[in-house]
Amino acid sequence: METKKVTVMQKLLKANDAVAGQIRRELKDKNVFFVNLMSSPGSGKTTLVEETVKRLGKRIKVIEGDIQTTLDAERLQKLGIQAFQINTGPFGGDCHLESAWVRTAIEELGTDGMDYLFVENIGNLVCPAEFDVGAHMNVLLLSVTEGEDKPLKYPLAFQVSQLCLVTKTDFLPLKNFSLPRLRENIKKVNPACAVVEISAHSGAGMESWVEILRNKPNL
Ligand SMILES: Nc1nc2c(ncn2[C@@H]2O[C@H](COP(=O)(O)OP(=O)(O)O)[C@@H](O)[C@H]2O)c(=O)[nH]1
Ligand SMILES: [Mg+2]
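All residue numbers for the sequence shown refer to the numbering used here, where the first residue is 422 and numbers rise by one.
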């Protein structure tokens, strides 16, 4: 019974990877840079997208993943960009997005007028890391209020990410949080993961983040 379960899971992941690969190639051909944002709920994903649109312009489209509500898509639509909300609640409440759903959302959004595509994945540090959505860059957000130990507790999320954004650094003066210890822990699980510290509220570090996007790495 257990063997059967593992085989089915392997097949699902293989099918997911195949679609993800297609998405990555098709968007590369169109020079659309695709970023997958992953984090715990509340680490600042939607705020980051809002602040990025203000700096990078409106040729950005967003696929929002949540179990319930269209709140995040509505926040982004207010900025005059296209945002497509996927809710997994009505279909069993999955805690991640799969590449086939992302492909359908891209078909709905269309690729005209798009230089960047963001996925805001469903908020948690576990399931999204297991499913490739076809992004050119996986970005893991970790806010300073979550603690420096998270790379050690949730290594896969850091291992599949090319960049870790340490968010809410404006809280640092109030918190007993060690940035060097966090960097050390990220290095232990993924030495290749770049780390950038930002505060979407104060704007600190935002220019470094936007510069990375302008360079469209791996495209
Ligand atoms: N102090 C501070 N709060 C932030 C920052 N970025 C986001 N927040 C707040 O954190 C909360 C959750 O942000 P949100 O973007 O909705 O997180 P998400 O669930 O990851 O999309 C909101 O109240 C934001 O205003 C930041 O840089 N500094
Ligand atoms: Mg959000």
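The C-beta atom is built at its ideal place from N, Cα and C for all residues, glycine as well.
On the CB-based measure, 16 or more other CB atoms within 10 Å of its CB, does residue i come out buried or exposed?
i    : result
N639 : exposed
N457 : buried
V581 : buried
G465 : buried
T525 : exposed
F512 : exposed
R602 : exposed
V587 : buried
P594 : exposed
Just to confirm, are residue i and residue j a CB contact at a threshold of 8 Å?
i    : j    : result
K393 : L538 : There is no way to answer for residue 393, as the model of the chain reaches only from 422 to 640.
V617 : K596 : no
L600 : S460 : no
E569 : F598 : yes
E541 : V470 : yes
L584 : A615 : yes
I543 : D493 : no
W522 : I507 : yes
At which residues does the beta strand (DSSP E) containing residue i begin and terminate?
i    : result
T588 : 584 to 588
K482 : 481 to 487
S623 : S623 -> no beta strand (DSSP E), and no H or E assigned at all.
A615 : 615 to 618
Any heavy atom of ligand 2 closer than 7 Å to the Cβ of residue i?
i    : result
D493 : yes
K466 : yes
E472 : no
Determine, for residue i, whether the minimum Cβ-Cβ distance to residues of chain C falls below 8 Å.
i    : result
V440 : Checking the listed chains, one finds no chain C in this structure; it contains a single protein chain.
Apart from the five residues on each side of it in sequence, which residues of its chain come closer than 7 Å, Cβ to Cβ, to residue i?
i    : result
G534 : R480
D515 : T509
I607 : P572, F579, C585, C614, V616
K451 : T532
Within the same chain, show all residues whose beta-carbon is closer than 8 Å to that of residue i, passing over the 5 residues directly before and after it, in chain order.
i    : result
D438 : S520, D553
E628 : R476
E529 : F505
N611 : P572, P576, F579, Q580, S582
E551 : L434, H517, L577
F454 : L448, D536, Y537, L538, H557, M558, L634, K637, L640
L497 : T467, V470, E471, V474, V483, E485, A504
G463 : G544, S564
V631 : T473, R476, L477
Starting from residue i, trace the alpha helix (DSSP H) both ways and give me its first and last residue.
i    : result
I607 : 600 to 610
F592 : From DSSP, F592 is part of no alpha helix (DSSP H); its letter is neither H nor E.
Examine ligand 1 and report whether any of its heavy atoms sits within less than 7 Å of the Cβ of residue i.
i    : result
F592 : yes
P462 : yes
H517 : no
A578 : no
H622 : yes
K589 : yes
G510 : no
Among residues of its own chain, excluding the 5 on either side of residue i, which ones have a beta-carbon nearer than 6 Å to its beta-carbon?
i    : result
R445 : G555
CB of residue i to nearest heavy atom of ligand 4: below 7 Å?
i    : result
G486 : Ligands in the displayed structure: ligand 1 and ligand 2; ligand 4 is not one of them.
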